[in-house]
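Take a look at the structure below.
Residue numbers (full-length UniProt numbering): 1 to 153.
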């Protein structure tokens, strides 16, 4: 699976015109991130928590990789995280919404509604975990704070 994530990171990097020297680093970060997430899932961590840890790992590694390459860390981190967007849960949510429109028995309707809400909340929290993990690492690695740049008077 790590190889597929690396390939997806390369494709998204080419799509967004990332410099050629950054392609391999983004692919390696995506592969490391995917492997980290799979290991955490294997040991029983919830998918949201494992995604958060994965995003933090990718964010930290992208900061370390960005300095020698003289590019912003987002060049690596965003491309490595894009393949981890929860497409299956989003797709199942949309299918659930379409099933809810149709004429269903009350028992089946409740089951479909529960599955749709479950899938939509999983997709939402995975996206929030990806965003929070990357934002957290970028915020703690800043050299200057807002207190130094803004004054009240």
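Glycine included, C-beta positions come from ideal geometry on N, C-alpha and C.
Can you have a look at residue i and say buried or exposed, based on whether 16 or more other CB atoms are within 10 angstroms of its CB?
i	result
residue 122	buried
residue 30	buried
residue 108	exposed
residue 98	exposed
residue 57	buried
residue 183	For the chain, the structure presents residues 1 to 153; residue 183 sits outside this window and is missing.
residue 119	buried
Residue i lies in the alpha helix (DSSP H); which residues open and close that run?
i	result
residue 68	47-69
residue 22	No alpha helix (DSSP H) holds residue 22; DSSP gives it neither H nor E.
Spatial neighbours of residue i within its chain, please: C-beta separation below 6 Å, excluding the five flanking residues on both sides.
i	result
residue 25	65, 76
residue 37	50, 54
residue 27	6, 9, 10
residue 2	31, 34, 35
Using three-state DSSP, classify residue i as helix, strand or coil.
i	result
residue 126	helix
residue 144	Confidence in residue 144 is poor, its pLDDT being 48 and thus under 50, which makes the residue's placement unreliable; the coordinate value appears in the next sentence. Coil at residue 144, not helix or strand.
residue 138	helix
residue 15	helix
residue 83	helix
residue 102	coil
residue 44	coil
residue 151	Confidence in residue 151 is poor, its pLDDT being 45 and thus under 50, which makes the residue's placement too unreliable to answer from.
residue 94	helix
Between residue i and residue j, is the Cβ-Cβ spacing less than 8 Å?
i	j	result
residue 126	residue 74	no
residue 87	residue 116	no
residue 34	residue 5	yes
residue 133	residue 52	yes
residue 112	residue 124	no
residue 84	residue 128	no
In its own chain, which residues sit with a C-beta less than 8 Å from the C-beta of residue i, not counting the 5 before and 5 after it?
i	result
residue 82	8, 9, 12
residue 14	23
residue 71	19, 22
Suppose the cutoff is 7 Å on Cβ atoms and the five residues either side in sequence are ignored; what does the same chain contact list for residue i look like?
i	result
residue 149	The predicted position of residue 149 is uncertain, since its pLDDT is 48 and thus under 50; a value taken from the coordinates is nonetheless stated next. Within the same chain, residue 149 has no close Cβ partners at all.
residue 137	56, 59, 60, 63
residue 93	116, 119, 120, 123
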